[in-house]
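Asks:
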Amino acid sequence: MAVQSADTSAFYKNLGRMYATYTGGFIAFIILIAILEQVGVPNRILGYMFVGFTIIVYAVIGVMTRTAEVSEYYVAGRRVPALYNGMATGADWMSAASFVGMAGTLFLLGYDGLTWVLGWTGGYVLVSILIGPYLRKFGAYTVPDFMSFRFGGNFARLIAVIVLVCCSFTYVTAQIFGTGIIASRFLGMPFELAVFAGLAGILLCSMLGGMRAVTWTQIAQYIVLIIAYLTPIVILSTSRYGIPIPQLTYGTAIAEITAREGQMLASGLATAANLKPHISPFINYTPLNFFAICLCMMVGTASLPHILMRYFTTPTVREARQSVAWSLLFIFLLYFSAPAYAAFSKLEVYNNVIGRNLTDIRPWLFTWGELGLIQICGKNAASIDTIVASCKAIAGHPGVVRLQDFVINTDVIVLSTPEIAGLPYVITGLVAAGGLAAALSTADGLLLAIANALSHDIYYKMIDPNAPTVRRLTVARVLLFLVAVAAAYLASTRPGDILAMVGWAFSLAMAGNFPALVMGVWWKRATTAGAVSGMIAGFGLCIFYLVVTRYFPGAGVSYFGMSSLTNPMTGAPLVDVAKAVAAPGGMDSWVAASHPMANRVGWFGLNNIACGLLGMPVGFLTIYVVSLMTKAPSLEMQAYIDEIRKPRGRTVLEEKT
Amino acid sequence: MAPAPSQANTDEHWKKTSRLMFTHLGVWFFFGYVVHMFVVPLNKIIIPVLGFPLGFYMAAQGSLIVFVVMLFMFAKQQDKIDRDYGMAEDD
Numbered sequence: 016m017a018v019q020s021a022d023t024s025a026f027y028k029n030l031g032r033m034y035a036t037y038t039g040g041f042i043a044f045i046i047l048i049a050i051l052e053q054v055g056v057p058n059r060i061l062g063y064m065f066v067g068f069t070i071i072v073y074a075v076i077g078v079m080t081r082t083a084e085v086s087e088y089y090v091a092g093r094r095v096p097a098l099y100n101g102m103a104t105g106a107d108w109m110s111a112a113s114f115v116g117m118a119g120t121l122f123l124l125g126y127d128g129l130t131w132v133l134g135w136t137g138g139y140v141l142v143s144i145l146i147g148p149y150l151r152k153f154g155a156y157t158v159p160d161f162m163s164f165r166f167g168g169n170f171a172r173l174i175a176v177i178v179l180v181c182c183s184f185t186y187v188t189a190q191i192f193g194t195g196i197i198a199s200r201f202l203g204m205p206f207e208l209a210v211f212a213g214l215a216g217i218l219l220c221s222m223l224g225g226m227r228a229v230t231w232t233q234i235a236q237y238i239v240l241i242i243a244y245l246t247p248i249v250i251l252s253t254s255r256y257g258i259p260i261p262q263l264t265y266g267t268a269i270a271e272i273t274a275r276e277g278q279m280l281a282s283g284l285a286t287a288a289n290l291k292p293h294i295s296p297f298i299n300y301t302p303l304n305f306f307a308i309c310l311c312m313m314v315g316t317a318s319l320p321h322i323l324m325r326y327f328t329t330p331t332v333r334e335a336r337q338s339v340a341w342s343l344l345f346i347f348l349l350y351f352s353a354p355a356y357a358a359f360s361k362l363e364v365y366n367n368v369i370g371r372n373l374t375d376i377r378p379w380l381f382t383w384g385e386l387g388l389i390q391i392c393g394k395n396a397a398s399i400d401t402i403v404a405s406c407k408a409i410a411g412h413p414g415v416v417r418l419q420d421f422v423i424n425t426d427v428i429v430l431s432t433p434e435i436a437g438l439p440y441v442i443t444g445l446v447a448a449g450g451l452a453a454a455l456s457t458a459d460g461l462l463l464a465i466a467n468a469l470s471h472d473i474y475y476k477m478i479d480p481n482a483p484t485v486r487r488l489t490v491a492r493v494l495l496f497l498v499a500v501a502a503a504y505l506a507s508t509r510p511g512d513i514l515a516m517v518g519w520a521f522s523l524a525m526a527g528n529f530p531a532l533v534m535g536v537w538w539k540r541a542t543t544a545g546a547v548s549g550m551i552a553g554f555g556l557c558i559f560y561l562v563v564t565r566y567f568p569g570a571g572v573s574y575f576g577m578s579s580l581t582n583p584m585t586g587a588p589l590v591d592v593a594k595a596v597a598a599p600g601g602m603d604s605w606v607a608a609s610h611p612m613a614n615r616v617g618w619f620g621l622n623n624i625a626c627g628l629l630g631m632p633v634g635f636l637t638i639y640v641v642s643l644m645t646k647a648p649s650l651e652m653q654a655y656i657d658e659i660r661k662p663r664g665r666t667v668l669e670e671k672t
Numbered sequence: 185m186a187p188a189p190s191q192a193n194t195d196e197h198w199k200k201t202s203r204l205m206f207t208h209l210g211v212w213f214f215f216g217y218v219v220h221m222f223v224v225p226l227n228k229i230i231i232p233v234l235g236f237p238l239g240f241y242m243a244a245q246g247s248l249i250v251f252v253v254m255l256f257m258f259a260k261q262q263d264k265i266d267r268d269y270g271m272a273e274d275d
């Protein structure tokens, strides 16, 4: 390791003061915007200032922490203290789907939505006890580094790179898509343009400084996103219940929701068929899918390379473990607040939208209705006149909004809360900046994971092991740029549902990586042949299930014995597959998401988001059986595994820099 | 005093580490899955003052708090094992 100059050690000593100053500066900036709003600066300009200022700050941090050293570029010099690495992981982890989408999902699904909350937190337990600290001791730059060392070279490395690219690319596309949605909604930019503007922000942070720059920007982004997420509901909770802890007060809101649900049924505003009680379990997911999704998200967490590689950056193994605990604490702050957002919004909708006269609709709805995110009586709720006109067209409409008349896009829940609470625009701008920070930070981490795998594992380790440092880093930057542009291009075509895409990424990572990583550390007898065949079998089965149920459902039913998923409330099949196969286009390939059978067929009624549940056991079993059939790893390798298990001593893998 | 590194010492350290791993895995499984299988009966219990149904609360906050506390405890316990067997890094 390079000798630390006095300069850098002063940098680490002053971290606390630097980020405290930064936080203070950010709060001062919010106050400044609030004052500007009071003196009459238009909202559009305030929005641009918010987003522009925060992106410039991230870019400045990115440029200031640029580096030309390989170990700084790949693992931030392994000097990031546990607490700060925890914050960076929090930002790396919480994406646009968590910040904007989670509360909306909980609004729609009620109790069943909590499977995502559980799944996206519980996985850190597995990271800490099974994998993370051991990989830190091993001393890898990337996850494929470990696979290659433990499982006999470049073939295992190549498979690990394929798994990494598949899951990270799916995930990063969803993030850039989210960036585009936020930018277009708040700044009024065209969606395609917003995607590429977001891309520029991402590249500024990560291109020059690799892991080092991404780490210090992610910490800054965490601070912005957590302030932005908590501020609106803390204010809301204080004004409604007099206590500034929304996580405690929303219990009352839930009791009110349950009471109001009974009232709505009694007065005919809702029917038993369309009202899904907020606290009742297993009405949106069957119990099997609820627990399957939960398990896939947890195990997926412990298999995603962009998360695992964050723990390569701590100074010691001990700090890697502490860092996982800090990460989960920082993530927990957001996730245990999301159900509060959902409850407050739902109460507002049930009390102040449902059952109101059409002419009496609250004006915050129109902002979102104009954008097509809230519909009443089947038309965008842009103004009172359109609502009245479209409801009149429905025969026998009573003139008040019923539950079945009201449709809301899940993204609106977090974004509209400041307006529901009657807060000034400055808070809305703050939420936008927070959402952007969440999407940018996750995209940074993912792009870096992909580019590192391509430059370090493919180019340096497999193509040109003698490449000089300068060329390695140049290749890394060029690849980062190309991957980012490809992901942005794909995102600009609006490929689909963010939550489902993110779910697939987790399942793919789980099926491909988890068995080999766990067995590699915990079972000395695991052999190269076992691991390689296990990765191929597990990942292959998962991707097969995903592709067939999504794109070739007709073939799945006819040739692979798949049947319809079931409706969790009634237990009836979602589609009549015999009829759907016989219908025109029933056997089509590469079908659109609107195809009657797409995502609605499968084995055992298992949703394809949870396809990792099929792949992982097959992976474990294959590794076990094939390993026992092949010759045990050499004594030398077994000694290395002992080394990985002891925190003390040198890292196993020593990279030349 | 840390004992000298030997194969017996290494094995003993790993045995303790594995036991700790399985304990935490058990707690994780209980709070990640088992509790939520009983959500329907648990929802009949309302937490006093706060007003949450217990089943909902466990999935929304209870299990999450357990996970966070668990991880801080695990970091401490594993460090103790490493120190006892002379395998911890220097401070």
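Protein sequence lines, in the order shown, are assigned to chains G and C.
If you read the first sequence in this note's numbering, its first letter stands for residue 16, the second for the next number, and so on.
If you read the second sequence in this note's numbering, its first letter stands for residue 185, the second for the next number, and so on.
Ideal Cβ positions, reconstructed from N, Cα and C, are used throughout, including at glycine.
Under a CB-based cut-off of 8 angstroms, is G/Glu669 close to chain C?
Replies: Indexing the first sequence from 1 puts residue 669 of chain G at position 654. Chain C, which has no Cβ nearer than 8 angstroms to the Cβ of G/Glu669, makes this no.
Asks: Name the residue from G/Trp231, G/Gly203, G/Met226 and G/Ala198 whose alpha carbon lies nearest to the alpha carbon of G/Ala215.
Replies: Reading the first sequence from its first residue, position 200 is the one you call residue 215 of chain G. Selection G/Trp231, G/Gly203, G/Met226 and G/Ala198 evaluated against G/Ala215 yields G/Ala198 as nearest (Cα-Cα).
Asks: Compare the C-beta of G/Asp420 against all C-beta atoms of chain C and say whether one is closer than 8 angstroms.
Replies: Translated into the one-based positions of the first sequence, residue 420 of chain G becomes position 405. Chain C contact via Cβ: absent.
Asks: To test your reading of the DSSP string, which unbroken alpha helix (DSSP H) runs of 4 or more residues are found completely within the stretch 151-206 of chain G?
Replies: 158-165 and 169-202
Asks: Report all residues from its chain with a CB closer than 7 angstroms to the CB of G/Leu223; omit the five preceding and five following residues, and keep chain order.
Replies: Working through the first sequence from its first residue, we reach residue 223 of chain G at position 208. In the same chain as G/Leu223, and ignoring 5 residues on each side of it, the C-beta atoms closer than 7 angstroms to its own belong to Gly77, Val78 and Arg81, in chain order.
Asks: Counting along the chain, where does the alpha helix (DSSP H) carrying G/Gln278 start and finish?
Replies: For the purposes of this step, residue 278 of chain G is identified with residue 263 of the first sequence, where counting begins at 1. Its alpha helix (DSSP H) spans residues Pro261 to Ala281.
Asks: Taking 8 angstroms as the CB-CB cut-off, is G/Arg227 touching chain C?
Replies: As a working mapping, residue 227 of chain G is identified with position 212 in the first sequence. Answer no: the Cβ-Cβ gap between G/Arg227 and chain C never drops below 8 angstroms.
Asks: So with CB distances below 9 angstroms, who are the chain G contacts of C/Leu209?
Replies: Numbered from its first residue, the second sequence carries residue 209 of chain C at position 25. Neighbours of C/Leu209 on chain G, chain order: Val140, Leu141, Ile144 and Leu145.
Asks: Quick one: is G/Val485 buried, meaning 16 or more other Cβ sit within 10 Å of its Cβ, or exposed?
Replies: What you label residue 485 of chain G is simply residue 470 of the first sequence in a count that begins at 1. So G/Val485 counts as exposed.
Asks: By DSSP, does G/Ser522 sit in helix, in strand, or in coil?
Replies: Sequence index remark: in the first sequence, residue 522 of chain G carries index 507 (1-based). Helix at G/Ser522.
Asks: For C/Pro225, count the other beta carbons within 10 Å of its own beta carbon; 16 or more makes it buried, fewer makes it exposed. Which is it?
Replies: Within the second sequence, numbered from 1, the residue matching residue 225 of chain C stands at position 41. Exposed is the call here.
Asks: Give the residues from the stretch 242-257 of chain C that approach chain G closer than 7 angstroms (Cβ to any Cβ), ordered along the chain.
Replies: Ala243, Ala244, Gln245, Ser247, Leu248, Phe251, Val252, Met254, Leu255 and Phe256
Asks: Going by Cα to Cα distance, which pick from G/Phe122, G/Trp605 and G/Asn299 is closest to G/Thr564?
Replies: Residue numbering aside, residue 564 of chain G sits at position 549 when the first sequence is read from its first letter. Answer by Cα proximity: G/Trp605.
Asks: Alpha carbon to alpha carbon, how far is G/Pro259 from G/Ser282? Give it in angstroms, no decimals.
Replies: Residue numbering aside, residue 282 of chain G sits at position 267 when the first sequence is read from its first letter. Residue numbering aside, residue 259 of chain G sits at position 244 when the first sequence is read from its first letter. Approximately 34 angstroms between the Cα atoms of the pair.
Asks: DSSP puts C/Pro237 in a beta bridge; with which residues?
Replies: The sequence position of residue 237 of chain C within the second sequence is 53, counting from 1. BP columns for C/Pro237 point to C/Ile230.
Asks: Listed in chain order, which residues of the stretch 223-235 of chain C have Cβ atoms closer than 9 angstroms to some Cβ of chain G?
Replies: Sequence-ordered contacts of the stretch 223-235 of chain C with chain G read Val223, Val224, Asn227, Ile230, Ile231, Val233, Leu234 and Gly235 [C-beta pairs closer than 9 angstroms].
Asks: Helix, strand or coil for G/Pro588 per DSSP?
Replies: Taking the first residue of the first sequence as position 1, residue 588 of chain G is located at position 573. Note: G/Pro588 maps to strand in three-state DSSP.
Asks: Tell me whether the beta-carbon of G/Ile272 lies closer than 8 angstroms to the beta-carbon of G/Ala358.
Replies: Looking up residue 272 of chain G in the first sequence gives position 257. Looking up residue 358 of chain G in the first sequence gives position 343. Taking 8 angstroms as the Cβ cut-off, G/Ile272 and G/Ala358 qualify as a contacting pair.
Asks: Does C/Phe214 come out as helix, strand or coil in the three-state DSSP assignment?
Replies: For the purposes of this step, residue 214 of chain C is identified with residue 30 of the second sequence, where counting begins at 1. Of the three classes helix, strand and coil, the one that applies to C/Phe214 here is helix, per DSSP.
Asks: Any residues in the stretch 147-159 of chain G with a beta carbon nearer than 7 angstroms to a beta carbon of chain C? Which ones, in chain order?
Replies: When C-beta distances to chain C are compared with 7 angstroms, every residue of the stretch 147-159 of chain G stays at or above that value.
Asks: Which residues in the same chain as G/Pro662 place their Cβ atom closer than 8 angstroms to its Cβ, once the five residues preceding and following it in sequence are excluded?
Replies: As a position in the first sequence, residue 662 of chain G is number 647, starting the count at 1. So the list reads Pro148, Lys152, Thr331, Val332 and Arg333, once near-sequence residues are dropped.
Asks: Hey, would you say G/Gly535 sits closer than 8 angstroms to G/Gly569, going by beta carbons?
Replies: The residue labelled residue 535 of chain G in the question sits at position 520 within the first sequence. The residue labelled residue 569 of chain G in the question sits at position 554 within the first sequence. Going by C-beta atoms, G/Gly535 is not nearer than 8 angstroms to G/Gly569.
Asks: Determine contact between the stretch 342-359 of chain G and the stretch 97-115 of chain G, defined as no fewer than three beta-carbon pairs at a distance below 8 angstroms.
Replies: yes
Asks: C/Glu273 versus chain G: which residues are under 7 angstroms apart at the beta carbon?
Replies: Counting from 1 along the second sequence, the entry for residue 273 of chain C is found at position 89. By Cβ distance, chain G contributes Thr331, Val332, Arg333, Pro662 and Arg663.
Asks: Which bits of chain C does G/Leu12 rub up against, with CB to CB less than 8 angstroms?
Replies: No answer is possible for residue 12 of chain G: it lies beyond the span of chain G, which begins at 16 and ends at 672.
Asks: Under a CB-based cut-off of 8 angstroms, is G/Met313 close to chain C?
Replies: As a first step, residue 313 of chain G must be located in the first sequence, where it is residue number 298. Yes, contact with chain C.
Asks: Spatial neighbours of G/Gly225 within its chain, please: C-beta separation below 6 angstroms, excluding the five flanking residues on both sides.
Replies: Translated into the one-based positions of the first sequence, residue 225 of chain G becomes position 210. Tyr88, listed in sequence order.
Asks: For the alpha helix (DSSP H) containing G/Phe41, name the first residue and the last one.
Replies: By 1-based counting over the first sequence, the position of residue 41 of chain G is 26. Leu30 to Gln53 is the span of the alpha helix (DSSP H), which, as asked, contains G/Phe41.
Asks: Using a Cβ cut-off of 8 angstroms, which residues of the stretch 93-126 of chain G contact any Cβ in chain C, in chain order?
Replies: Residues Tyr126.
Asks: I want to verify the contact list: residues of chain C whose CB lies under 8 angstroms from the CB of G/Gly266, in sequence order.
Replies: Against the first sequence, residue 266 of chain G aligns to sequence position 251. Ordered by position in chain C, the residues that pass the 8 angstroms Cβ test against G/Gly266 are Ile231, Leu234, Gly235, Phe236 and Tyr241.
Asks: G/Ile624: which of G/Cys311, G/Ser405 and G/Leu643 sits nearest, CA to CA?
Replies: For the purposes of this step, residue 624 of chain G is taken as residue 609 along the first sequence, with counting starting at 1. Cα-wise, what sits closest to G/Ile624 is G/Cys311.
Asks: Looking at C-alpha atoms only, which residue of G/Val416, G/Ala83, G/Thr264 and G/Ala74 is the closest neighbour of G/Leu218?
Replies: The residue you call residue 218 of chain G lines up with position 203 of the first sequence. Ranking the options by Cα distance to G/Leu218, first place goes to G/Ala74.
Asks: Under the assumption that G/Thr678 contacts G/Ala452 (Cβ atoms under 8 angstroms), give the Cβ distance between them as a whole number of angstroms.
Replies: Not covered by the structure: residue 678 of chain G. The range shown for chain G is 16 to 672.
Asks: From G/Val616 to G/Leu589, what distance separates their C-alpha atoms?
Replies: The sequence position of residue 616 of chain G within the first sequence is 601, counting from 1. The sequence position of residue 589 of chain G within the first sequence is 574, counting from 1. Going by the C-alpha atoms only, they are around 8 angstroms apart.
Asks: Following the continuous alpha helix (DSSP H) through G/Cys421, name the residue where it begins and the one where it ends.
Replies: Working through the first sequence from its first residue, we reach residue 421 of chain G at position 406. Strictly speaking, residue 421 of chain G in this sequence is Phe, with Cys absent from that position. First-last for G/Phe421: Phe421 to Ile423, but that is the beta strand (DSSP E), not the alpha helix (DSSP H).
Asks: Using C-beta distances below 8 angstroms, list every residue in its chain close to G/Ile308, excluding the 5 sequence neighbours before and after it, in chain order.
Replies: Sequence index remark: in the first sequence, residue 308 of chain G carries index 293 (1-based). Within the same chain, Cβ atoms closer than 8 angstroms to the Cβ of G/Ile308 are found at Thr130, Trp131, Gly134, Tyr300, Gly518, Asn622, Ile624 and Ala625, the five residues on either side in sequence being excluded.
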